[in-house]
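**Q** Before I ask anything, here is the structure I am working with.
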Amino acid sequence: MKLITVGFLIVFIGMLVILAGVFSITYQSWKTGGMEKPEPSVRGGGVIMIGPIPIIFGSDLGAVKVVILLAIALMILAFLLFYLPLWRV
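Under the numbering used here, think of the first position of the sequence shown as 264, with each following residue one higher.
Here's what the structure looks like:
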């Protein structure tokens, strides 16, 4: 399969995912009938990788634990991608 065909296929799949999301939000709004909902609490976290050094932030302990695992996985992946080609020589 040509590379341009794969690119168009990925873009088309992305558009279908966005369209499915719009339909899902519309259906959920229609299903609830515009009833008032309590204000949801937003929780989350993130990691900024500057080279091999992670900067971790989060609003609750659960999100920070997940982000720490993500940072460790990213550091291991960076290590493997950097040092694996040297082992073949």
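C-beta: ideal position from N, C-alpha, C; glycine also.
Does the region 319-332 come close enough to the region 299-310 to have 3 or more Cβ pairs within less than 8 Å?
**A** yes
**Q** Give me, in chain order, the residues of the same chain whose beta-carbon lies closer than 8 Å to that of residue 329; leave out the 5 immediate sequence neighbours on both sides.
**A** Contacts found: 308.
**Q** With DSSP collapsed to three states, give me the class of residue 264.
**A** coil
**Q** Whole angstroms is fine: what's the gap from residue 272's alpha carbon to residue 278's?
**A** Those two C-alpha atoms are separated by around 10 Å.
**Q** Using DSSP with H/G/I as helix, E/B as strand and the rest coil, what is residue 310?
**A** Residue 310: strand per DSSP, three-state reduction.
**Q** What residues match up with residue 320 in a beta bridge as DSSP calls it?
**A** Answer is 309, bridged to residue 320.
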